[in-house]
């Protein structure tokens, strides 16, 4: 009877935890060591996925199961951060092979399997809870995620996506930069400077680099254009003295769907006011930089020969 009660308790834990269970949970529920070993035998119903963490079955873990396993491995005080926390909040970020887990500095947990543990004295105070798991707020998750990235463009894309989707603010990221460790913070600092300057995506960051490398006149990024008091458009780059707008066109890089949906209408509205509009894709910025720079240089020269346009410019707010 006692073992039957233990089996029922174990089955309930498995159902409640995505069919995952820890060694200590199984034993505390009343399962004997022999019964545990029997379940973990070769060909048995349970599989070890992390030290002391078992899953019912033998297949690949789902993303949700990986997160539950991470929380079980990290313990009740842990907080999931990084890419997994951003994905849970709906931020479009590339998939990651690891789940990053914050644990208090006085606990000993080593990296294991797909889990990367981060011992810290700065455990998030304002974590949020979903599905029984504690998650880092977006600004902290961004700061932790970018320390594991090597490519500046990946860092810029992640920061830009999080800010654009209003999951966190520039001020919140700046606070994380000030309060967090300096080791590995250079990429975040550079990306934050870029986003704060008005480059809203990694592709627009490439445009900034192209402008500087080609020694073109520096445009205004994401400035608002008006005809009288009527809003006209907010091009990615704007050369007011030439009446020239540069637009990066891609669903992938313009995170907000409305940006893409309104591209052609925006083009028509600007052209009707005499604005020269040049479009290019993120791929063209990376692979055809010389051609784009020459096209922009020619358009700037041509635009400067015309009378000034009746367009009022409002620089982007920082």
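In my numbering, the protein residues as written are 186 to 503.
For each residue, glycine too, the CB sits at the ideal point set by N, CA and C.
Query                                                                                                                  : Result
Cβ neighbour criterion (16 or more within 10 Å) applied to residue 127                                                 : In the structure as shown, the chain starts at 186 and stops at 503, and residue 127 therefore has no counterpart that could be examined.
Residue 405 - DSSP class collapsed to helix/strand/coil                                                                : strand
CB of residue 431 within 8 Å of CB of residue 404, strictly                                                            : yes
Spatial neighbours of residue 210 in its chain, beta-carbon cut-off 7 Å, leaving aside the 5 residues before and after : 198
Proximal residues to residue 215 (C-beta, below 6 Å), its chain only, five neighbours per side dropped                 : 191
Limits of the beta strand (DSSP E) - the one that residue 339 falls within                                             : Run containing residue 339: none in the beta strand (DSSP E); it sits in the alpha helix (DSSP H), 337-349.
Inter-residue Cα distance where the pair is residue 193 and residue 300                                                : 29 Å
Through-space distance from residue 266 to residue 313, alpha-carbon basis                                             : 11 Å
Which of helix, strand or coil DSSP assigns to residue 258                                                             : helix
CA-to-CA distance, residue 289 to residue 406, given in whole angstroms                                                : 42 Å
Bridge partner(s) assigned by DSSP for residue 232                                                                     : 240
Pick from 377, 459, 324 that is closest to residue 425, judged by C-alpha positions                                    : 459
Strand pairing of residue 498, partner residues [DSSP]                                                                 : 410
Assumed close pair residue 418, residue 410 - CB separation to whole angstroms, cut-off 8 Å                            : 5 Å
Cβ contact (3+ pairs, closer than 8 Å) linking the stretch 452-467 and the stretch 359-377                             : no
Cβ neighbour criterion (16 or more within 10 Å) applied to residue 351                                                 : exposed
Bounding residues of the alpha helix (DSSP H) (the contiguous stretch that carries residue 448)                        : 448-457
Beta strand (DSSP E) segment containing residue 324, residue limits                                                    : Residue 324 -> not in any beta strand (DSSP E); alpha helix (DSSP H) instead, spanning 323-331.
Per-residue DSSP class, three states only, for residue 432                                                             : strand
Endpoints, alpha helix (DSSP H) assigned at residue 486                                                                : 474-489
Assigned secondary structure, residue 415 (DSSP; H/G/I helix, E/B strand, else coil)                                   : strand
Residue burial classification, residue 292 (beta-carbon count within 10 angstroms, cutoff 16)                          : exposed
Paired residues, beta bridge with residue 312 - DSSP                                                                   : None; residue 312 has no bridge partner.
Whole-angstrom distance between residue 472 and residue 251, CA atom to CA atom                                        : 38 Å
Given residue 477 as reference, the closest of 494, 392, 449, 492 once Cα atoms are compared                           : 392
DSSP three-state assignment for residue 192, whether helix, strand or coil                                             : helix
Residue 225 (DSSP reduced to helix, strand or coil)                                                                    : coil
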